[in-house]
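As structure tokens, then:
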């Protein structure tokens, strides 16, 4: 979806303020890993979009493309990619645009870009563009209306025309006129250069309106994080620093914490003033840092730690090809990125009901599905790689994870248990101690309000429901005993399969079970999570493979623990168990008898 | 669906017995009207199919085709049409088959047929067939697997080969061999000729199995309704009458009631014996009568007056083209036949969610939609054609209907209120007395068991839900007051429109609201009834038209009541009102303030 559409939609909601975060491509692989973890947490607060800068001189072009792709499709945030003209012949530009288009990204920030490395002035290359206007024109000419195009606005005029800290009136006016030409050429949104004098920004907006620029103008706010960086950045951008800011920073400039706290205070006050003037957007230059940006938004009351809203039980994709998607199998609940990557080639995504989809075929297992960020690998190493002498040692890991004593699990891409599973963590710990190694679960929910903190989704005004669900590995003996018990509990349906594919179930192969659904005013029923037998058979290969690639391989090659894990992998069944009676049922009662 | 498939499906259900009813085309229009009313009531008990005979010598061919069509598509029962060779050149046969195929009928009972009127012996006509075997072969050759083909089995051999009340062993064997040929040629089901000696039937089944006939053999049971008819029928069919039957009938033969009671007793005992032998099907020759057939089924415990099960809130279509249909707008809830006829041309029917359908276009209003069976016309005349001097007189009709004092309504094809509306009939009466003339309603239901007598549907094991719904006509003043009140009740959504199309609503044009849904084990959510704005705009023309064509026209041309009804029609709004809070809401409370 185009960012401009999101801003326009938000404008119809009384009091709604749109915020967004900017990031840049980190220099190291660890840095990239960390950025995604951070971004994931920040995106949970619901920014309208995030943007990622284009490496200076195009040096990190491939990385930016890769990060954009992952932001849009794995982090699932509406992504805006910067694109500059520096060192970019038109073929490279088109390659970048084609790539993001095919990745379902619809937003570009079109810039001229900085001078190439080691040079003072921007140089137009052979077959390249001279300025952002050229780039905007090219994108509209070649890609029509597909992309939302954002351009930069300079409240103090472009640094190139600022001499001795200030632009002449003529230079400022000519810069404004140039901005109008970029908008007339097809840009639909303006994000400003950073500034610290709010009045300059407000005057700039006014000046833009005077010359007929009507599109939204989003203020770019860069929280001061440390003193030296602040000086470097404002020097580079030739940004005016109000005297009260200098006065406030001077006495604390060597105290990083104090500078940061002041940066949060200043950012908050700037935003408050801007919002008070009726501007309903805030763009935060995060410099890849989390704390200050979030603190400012919290001060503004735009986000609350305890009120992370979930439009769906899973994070809804922003990819333009899958925006209508609203049903998924529960199996990948803790591995959403694996799900996305295994389904990325689908022509259409299930919408409304799972069984209406034409049995789309899942992508095979690739190394990607088992590749984790380094930080997570390290956590797994710390938490899961302990000497395993017996099945009890294996159980012990699962129990600790359920009780929140471990943060990581080989079967999860996420940190710890999902909030709703925390409701049942003691129960989960208990059944793990009985040899049922749980990897997925949800409690029954019978008509809770849809804005409930733990189980709500879809916004206020509705009611949400869940059937209690458990997914676990267990031995054949335990499975047999469980199947026997199920005969006396007619509301229970199960599917079980081992690594070889031996199948036991009391449901038919085409019986799709909605296990999460919601009822909202003036809407059809939304049923975002299902248990689907044919998807289960696809998932089981992945779930079994994790025993080796996700866990055993973390041990040294000849470690006896590896052998034990392999035995479990070969002897256990993967079981999916639903209690269809979400009103009077008690899924856990059956395990008390073990 | 083919009857053989229904029988096979039923065979997988422990203890399930399949029953069916046979009818013949009545001779008068009133007779046809009455037959459909009767059939409608009988079909509520859930026969696997009903069949309709082909007029002797093809004399009533068109009528049989028309009745078949209406049975399948309006009564919504799986229909099997008889087809005979008598006086039927192949073009006529194909015309009949093409017609029922295009009407979504999949079942044919292929017969040779009786001799033409006034003749003793069957005569093969030019370009026609000599026997049922020819007909079976032709149907399979020309229509492939499309049709389920049933053939007749003669437990006592075909009457043609019965001499002096009994067939020779050779004749019987040759008749059996002929039956096998019909099955080998493609018949998939056998229904027997009537019989009164159960042992003969059981032996016949045995004999069939001996020669390799493996398809189900359905016993044809004709309850004795009156003595003379019984003698005529058994004489015609050369059916053996066991001596104990003769002995039982002889003393009561002049007492019609006693004969009928004995017929029920005998039919019940015959069926009990047959079922005890492991045969799980019973076909009843009803002779277009209701009582004896239903009484036998009740005696057998196969039906219960209080347990008419509803697979859906509305009667599910059996037409092969719309078997997947499982969503409908609520507006036609009391006029299902009008809905069917207005949608009969659709390429596909909404399935799963209404909004997934591609906005199919409704057929226009035709005379058909306002044509009622004579019996109903008379009832309306009696109940609704009273002198109307003021709007209060109009209200009075609506109030009486809601309170069950009238059985008919111009806005309904059905008898009286639907069971679920009876729950709220006092409330309905009350709001009608305040000038809100209700024509459709349902109470809120919050997770009742799906086998609940009043609001259940879909069989046992699930939970059903409803949002409270009201649809009514009211004046512009009342509507304005209601709209004001709705502002304080955020869970209420409404749509209102007058005859000219003036529209007021607090929902968007594409907002489809599921107002009835059910949650079942191992299933996605089923949402069979919706409130859909664009369908409402189609329905409103029909709803307003009923004021004139359904009511005013029943008065003499110059009756002043006509004028009053026209005024109401022109001044009132049609309002659809949903309380989206089916858990804590109280839709009726808002009307208490009037």
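Protein chains in written order, with UniProt numbering: chain A, 1 to 594; chain B, 1 to 594.
We put the CB at the ideal spot given by N, CA and C, even for glycine.
Within its chain, find whatever has a CB closer than 8 Å to the CB of residue 435 (chain A); leave out the 5 residues flanking it on each side and keep chain order. 391, 395, 474, 475, 478 and 594
In terms of residue numbering, what span does the alpha helix (DSSP H) encompassing residue 42 (chain A) cover? 29 to 43
Nearest by alpha-carbon distance to residue 483 (chain B): which of B:491, B:466, B:505 and B:465 is it? Nearest of B:491, B:466, B:505 and B:465 to residue 483 (chain B), Cα basis: B:505.
What does residue 527 (chain B) reach in chain A if we use C-beta pairs closer than 7 Å? 524 and 525
Chain A contact for residue 456 (chain B) (CB, 8 Å cutoff): no
Can you tell me whether residue 182 (chain A) is buried or exposed? The criterion is at least 16 other CB atoms within 10 Å of its CB, across all chains shown. Classification for residue 182 (chain A): buried.
Using a beta-carbon distance below 8 Å, is residue 580 (chain B) in contact with chain A? yes
Quick check on the burial criterion: 16 or more other C-beta atoms within 10 angstroms. Buried or exposed for residue 408 (chain A)? buried
Does the separation of the CB atoms of residue 513 (chain A) and residue 578 (chain A) fall below 8 Å? yes
For a test of the three-state rule: what should DSSP assign to residue 493 (chain A), helix, strand or coil? strand
CA-CA distance, residue 548 (chain B) and residue 294 (chain B)? The C-alpha of residue 548 (chain B) lies about 39 Å from the C-alpha of residue 294 (chain B).
Which of helix, strand or coil does DSSP assign to residue 89 (chain A)? strand
Kindly confirm or deny that the region 304 to 321 of chain B and the region 68 to 80 of chain B touch, where touching means at least three C-beta pairs closer than 8 Å. yes
Assuming residue 539 (chain A) is part of the alpha helix (DSSP H), what are its boundary residues? 533 to 545
Could you name the residues of the region 327 to 348 of chain B whose beta carbon sits closer than 8 Å to any beta carbon of chain A, in the order they occur along the chain? Contacts with chain A (Cβ-Cβ distance below 8 Å) from the region 327 to 348 of chain B involve no residue at all.
Starting from residue 227 (chain A), follow its DSSP beta bridges and name the residues at the other end. Residue 227 (chain A) is not bridged to any residue.
Within 8 Å (strictly less), CB to CB, does residue 314 (chain B) reach chain A? no
Completely contained alpha helix (DSSP H) runs for the region 195 to 271 of chain B, where each covers 4 or more residues: 198 to 210, 227 to 237 and 243 to 249
If you run the structure through DSSP and keep just helix, strand and coil, what is residue 95 (chain B)? helix
Among the candidates A:81, A:138, A:147 and A:133, whose CA atom is the shortest distance from the CA of residue 90 (chain A)? A:138
Using the Cα positions of residue 438 (chain B) and residue 432 (chain B), report the straight-line distance between them to the nearest angstrom. Going by C-alpha positions, residue 438 (chain B) is about 6 Å away from residue 432 (chain B).
Would you be able to state if there are at least three C-beta pairs under 8 Å between the region 108 to 118 of chain B and the region 134 to 154 of chain B? yes
Within its chain, find whatever has a CB closer than 8 Å to the CB of residue 343 (chain A); leave out the 5 residues flanking it on each side and keep chain order. Here the set comprises 349, 360, 362 and 363.
Could you tell me whether the Cβ of residue 353 (chain A) comes closer than 8 Å to any Cβ of chain B? At a cut-off of 8 Å between C-beta atoms, residue 353 (chain A) counts as an interface residue with respect to chain B.
Should the region 193 to 201 of chain A be called in touch with the region 172 to 181 of chain A, which here means at least 3 C-beta pairs below 8 Å? no
Just how far apart, CA to CA, sit residue 532 (chain A) and residue 233 (chain B)? Residue 233 (chain B) has its alpha-carbon roughly 56 Å from the corresponding atom of residue 532 (chain A).
Could you give the DSSP three-state label for residue 596 (chain B): helix, strand or coil? This structure cannot speak to residue 596 (chain B), because chain B is shown only from 1 to 594.
Whose Cβ in chain A lies nearer than 7 Å to the Cβ of residue 509 (chain B)? Under the 7 Å cutoff, chain A gives no residues; its nearest Cβ is about 11 Å from residue 509 (chain B).
Assuming the contact rule is C-beta atoms closer than 8 Å, residue 218 (chain B) and residue 281 (chain B) should be a hit. Round their C-beta distance to whole Å, please. 4 Å
Residue 425 (chain B): beta carbon under 7 Å from a heavy atom of the ligand SAM? Absent from the structure shown: the ligand SAM. Ligands present: none.
Please list the residues of the region 91 to 109 of chain B that have a C-beta atom closer than 7 Å to any C-beta atom in chain A, keeping them in chain order. Correct list: empty, as no residue qualifies.
For residue 15 (chain A), which residues in chain D fall below 7 Å Cβ to Cβ? No chain D is part of this structure, whose protein chains are labelled A and B.
Assigned secondary structure, residue 467 (chain A) (DSSP; H/G/I helix, E/B strand, else coil): If DSSP states are grouped into helix, strand and coil, residue 467 (chain A) belongs with coil.
Listing by chain order, which chain A residues have their CB less than 8 Å from the CB of residue 583 (chain B)? 447 and 463
Distance check for residue 519 (chain A) and residue 631 (chain A), CA to CA, integer angstroms please. As shown, chain A starts at 1 and ends at 594. That puts residue 631 (chain A) outside it, with no answer to give.
What are the residues in the region 474 to 500 of chain B lying within 8 Å of chain A by C-beta distance? Using a CB distance below 8 Å, the part of the region 474 to 500 of chain B facing chain A consists of 490, 491 and 493, ordered along the chain.
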